[in-house]
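Below is one structure; the comments refer to it alone.
What follows is the structure in structure tokens.
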């Protein structure tokens, strides 16, 4: 498709646009995943795998490193050795590159690093966009070049490459994370010829000539002394002076070729502007829209876009600024606490000041000395709209405009924020603005991306797509914002006035006002199982009122029924897309349908004709089912949209988290949030998401109470309790109970209860259930059933269940799965994927040790489902105790945890010292008991807690300083359990150095590696844990090397407890390993097989796959317990039997392996053979190691046999064992 | 001595043909068959249903969890091609054809008319000498009648015959009420040969785990009897060739097959059990027997014991049944 000027156009997002240029202009591409830049590396890896060539006819080598620091190091080496190299990163990743960036710049070595600018974690992690990362590297010597749109990101990627080669100064090209990196737009692409024309091969040759080579040996990277370092550093200055001119010339050459002109600083607005905003990044577009409207009203306003930020070309900046400027607002998308102002502001103040005070190279004439103020906006992708831009211009109109203001939030603490006129809108009336609410699993986003392509390709319209995703991984809500129109789309913000709204999930109406953004006369499409005649009475009153008041056209389609009938399962993408085209009028109906079909063919053709035909059928069926609703004159519903959390929730949860849950977090003032990032635990219980279509139902007559379903439930929604039968007095009528199958509790009652509103419907529990009915084999002791009819009663039952007391932990065996089900989990209802393979281990950890656990959590899936707002899963027991949790970084988690351990120990040491000092006052007996308490058992810990309580009572009215100190820290006398938790990306790659060090430290820490064998959180990139033969992102050709044996590496220390576990392979073994690890007074490492959505199969089969992994010998269960050495035994225990299942039976059940069979059967076959050899070789090593005698020859530990599901004597008659 | 036979219009050097089996999925195995003297090979079946299921599964696996979470919009790389559908199969046909000189027969196991035609054309283009159509769809719908099923079978054969130029053999199941009648219908519909009868995975029960598990046992020589019986009955009543598959293990089995009226006898289980080299022994035994019994050619014996030619045709009917039963002696304790 060509645009209005006849240029060929393509539709893509910012990341792909940049990747396309960077890939074609480089030879070595060093990558490491980090949001939002990971897709750039994914594109590069995929293209390299496909054999695509760069403009010199070479296929670039794409190599993944163990961290961004590694990527920067590899890049540094590659460019020093004369290659053209690049890397992509963001946020903390960029910070890890800083040391190398100084070196690369100091050595004047050309390269371009492309950065999707993202917030740096401070009080909290954020994956979203701002300039805090870029601003943190401004002193490295890299050029900082900003682009503001998808088109610019592509163009600037080329300009940066041309300029770096000529100037020798390395470039950092940045564009806003998500807003630009993930926005889909229609752009004019750059051809290979365009690229070739911009790159001076002479400069490339010069770069190669400077390479380190033994043929022309030089030495670089010397150590210099006070005598010359300073001078040598200054020697680079002329290069920086020359740089702006080189960039400008590159921009001019680019403009000549493409017609798209850029400058170092670009001014837009009134030529005689009096008020000017200065900023860089995507927000420029919103300011431009505001300026257009304000100028229409006669206001003299303008915008100066900063494109080349470093080196800051003062002369060019001043030249671009109108001399009429009286007031300047410099907007920074970052915060520099404690500074006079943010960096761009300081630069502008200096530039103008130098000009006016004679310090600049050229004098700038202003009609009056401009007033300069600075402000912050848009941190962590906070919306920045034309209304906010107007607020800034309005502020500049005041006699004394506020300085160091904020815009876009309500700051009721420091009172920095500007008021905005929320009615001010710059939406283009000629454009279609459509909002779609969907679930991640229903294909809404995919359909919308497809629609954008169709419209972009079939019409001359400009298009824009931006997608807002949930912070939860299961049942996640997606909101798609699509704009189409004849004018270029500059709106770099969400749609607030939509002329089309679609809601693809009927149950959203319960809790979300999806029509809030609908403008009068808009069209509303609802996926509804109720037809046009019946739907009205099923929608909340507020929505009815809006439909009437806004005179909306209202359509329904039963998307799920159509999907089911056409074999599409739960994916309604094609169906809802068809309906959108049918009623939105963006394209003539017939044309649209033909385009959808053509697009289906293009998208799914490579997957097969069956998928194509099903989608075609869905298109036809969708049209046949689409109905317009006759909207009554009056609202008639008696129910309203439900509050986001129960009114009975704690105030903070209700008022603050509740606002976030309902999508109104933007309206929260600064005062609502605690400085420092501390949050209460136990909040996920208040967010009832109701995402399961089906939930498990307990058959109490059949159940043998083995506890396997409770153990495996990833979201802690299945729980068991044994309780006094008298408590059933007030039970709801549908509350179920059974006689406990424990001899000790026979007089009590047992209940297995499901939380209907928290369940994700993953079915792992049903798969784990070992009991089948004698009369109907498919019926188990727990079975899935539709949620809606059960919801009311089961919610009541759940509430009653929660009120039942927990059993005394001392009465239970903590090494039996059956007993552990009765231990209260202190990790519940996380946002992890349905069927997650990681969370059952974490839940188990909290059941066993949660009331005294401190957790250091590496960044990754477990830190996201563990700590992403609005609500978080770690919780506390009735006594108020529970895990204390924190996330430091991705790379340092082991060290972070070690630091915590040291602090816990030191605090305990001090407490013990104080107890000794106070022994006369508190009594010899109590102090002796406290100091010499045996806390190796649950009973011992409970007894110590009693003693500490007694101590507190004694110290209650103490007046001495030391007494008060002891009172403050005496809880540390109760043994604490320190856990260091993270995934394989952390443990095997980025954090391995620290992990290795902590393992060698001898400290009493427990390390849990949730091994999914890929970087799950960033979308499945290869780690060193990825097995041979598996396809992963960054290993599109299948990983050619074997998985690292982290267990053996740790065992090599000799005094580290190591276990490799798989809950689905042997749950008793897992349980034993956790207990042994915790009890071992030294470093313990548990490597836990965690099935993952990135493995490419239905997670309901996760346990089966775990079992297959063990039986095939791929995942041998083992424990290495150094304590056994003291008993003269072999510490290495191989706990699974010799491989009994062919490896291929295990691996080919997963798409990560099987897709290679389809894409490259020969490689797949070769890798499988090698993987089989890996398994066989490793088994031999393990077997021989396990067979080694201990010092006391002949004594060996017996391996743990899988625990039978039941003990026979407890089986009900007729139930199979 | 003349061991040749004609089947599907080809003159085969002997009547031993390797029946469709997953074993013949590599060129080296197919070459080994030829080296052992096998006269033709039927390639593994291309299961239309399996292809469809795989396509759909791949689609599900690649899209599961995608476009839901901002940090991970997908979990597996999207490759340019997945070598989907029959591509691998077509490649096998091409490679087999250039590796051996015996006829290579493609086998299609389909469920829908659309699928048959598409895949039949593709395997023909890939160079196969003939197509064996495995006409088996498990009819679990109690509302579907045998007549409807048979009409569908004939319809598929008619359409297929009009779509490809290579000969088409039709492999039948023995779960039929009136096999002789259907054989006649298929003959009229254009089948160039009928292959009797297919063997299937049958669901078995794991009574410990209470699970249904598929199980396929290797064939036994006694299974040949059913085939002999029906080939003998059908022989001479249809124009098309007849082939026996299932229970052919020895030269004796081959001889019986020929005498019943089959043009070829197909083997898999015996080759699986005893190795591909077993075919050489069978052929040697066949030759020895023919010499001993002074048979000049295979053709001479083909159909000699069929319903039409057997000395006592009634033996194929009730009398035979009674004799068989009465020949059993109750073992004494």
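Chains as they are written, first to last, in the working numbering: chain A, -10 to 1206; chain B, 3 to 335.
We put the CB at the ideal spot given by N, CA and C, even for glycine.
This one's a predicted model, so the numbers in the text were calculated from it and none came from an experiment.
Around the C-beta of residue i, are 16 or more other C-beta atoms found within 10 angstroms, so that it is buried, or is it exposed?
| i | result |
| --- | --- |
| residue 767 of chain A | exposed |
| residue 120 of chain A | buried |
| residue 145 of chain B | exposed |
| residue 227 of chain B | exposed |
| residue 1013 of chain A | buried |
| residue 47 of chain A | exposed |
| residue 198 of chain A | exposed |
| residue 862 of chain A | buried |
| residue 1120 of chain A | buried |
How many angstroms separate the CA atom of residue i from the CA atom of residue j?
| i | j | result |
| --- | --- | --- |
| residue 175 of chain A | residue 5 of chain A | 12 Å |
| residue 733 of chain A | residue 694 of chain A | 14 Å |
| residue 75 of chain A | residue 100 of chain A | 6 Å |
| residue 937 of chain A | residue 904 of chain A | 10 Å |
| residue 441 of chain A | residue 567 of chain A | 13 Å |
| residue 108 of chain B | residue 41 of chain B | 15 Å |
| residue 406 of chain A | residue 588 of chain A | 47 Å |
| residue 827 of chain A | residue 1082 of chain A | 11 Å |
| residue 78 of chain B | residue 13 of chain B | 51 Å |
| residue 435 of chain A | residue 69 of chain B | 7 Å |
| residue 912 of chain A | residue 902 of chain A | 15 Å |
| residue 611 of chain A | residue 618 of chain A | 16 Å |
| residue 808 of chain A | residue 699 of chain A | 11 Å |
| residue 231 of chain A | residue 339 of chain A | 20 Å |
| residue 124 of chain A | residue 1029 of chain A | 39 Å |
| residue 696 of chain A | residue 917 of chain A | 40 Å |
| residue 512 of chain A | residue 543 of chain A | 6 Å |
| residue 287 of chain A | residue 360 of chain A | 21 Å |
Residue i and residue j look like a contact to me (Cβ under 8 Å); what is the Cβ gap, rounded to whole Å?
| i | j | result |
| --- | --- | --- |
| residue 458 of chain A | residue 465 of chain A | 6 Å |
| residue 249 of chain B | residue 243 of chain B | About 19 Å separates the two Cβ atoms, so there is no contact after all. |
| residue 645 of chain A | residue 631 of chain A | About 18 Å separates the two Cβ atoms, so there is no contact after all. |
| residue 431 of chain A | residue 561 of chain A | 5 Å |
| residue 886 of chain A | residue 969 of chain A | 3 Å |
| residue 488 of chain A | residue 540 of chain A | The pair is not a contact, with the Cβ atoms about 12 Å apart (cut-off 8 Å). |
Have a look at the DSSP bridge pairing and note the partners of residue i.
| i | result |
| --- | --- |
| residue 255 of chain A | A:294 |
| residue 103 of chain A | A:77, A:162 |
| residue 363 of chain A | A:319 |
| residue 421 of chain A | A:473 |
| residue 1109 of chain A | A:1047, A:1121 |
| residue 1220 of chain A | Summary: the structure shown does not reach residue 1220 of chain A, with chain A confined to residues -10 through 1206, and so no result is reported for it. |
| residue 580 of chain A | According to DSSP, residue 580 of chain A bridges with nothing at all. |
| residue 708 of chain A | A:742 |
If the criterion is Cβ atoms closer than 8 Å, does the pair residue i and residue j meet it?
| i | j | result |
| --- | --- | --- |
| residue 479 of chain A | residue 170 of chain A | no |
| residue 1085 of chain A | residue 1053 of chain A | no |
| residue 651 of chain A | residue 500 of chain A | yes |
| residue 129 of chain A | residue 87 of chain A | yes |
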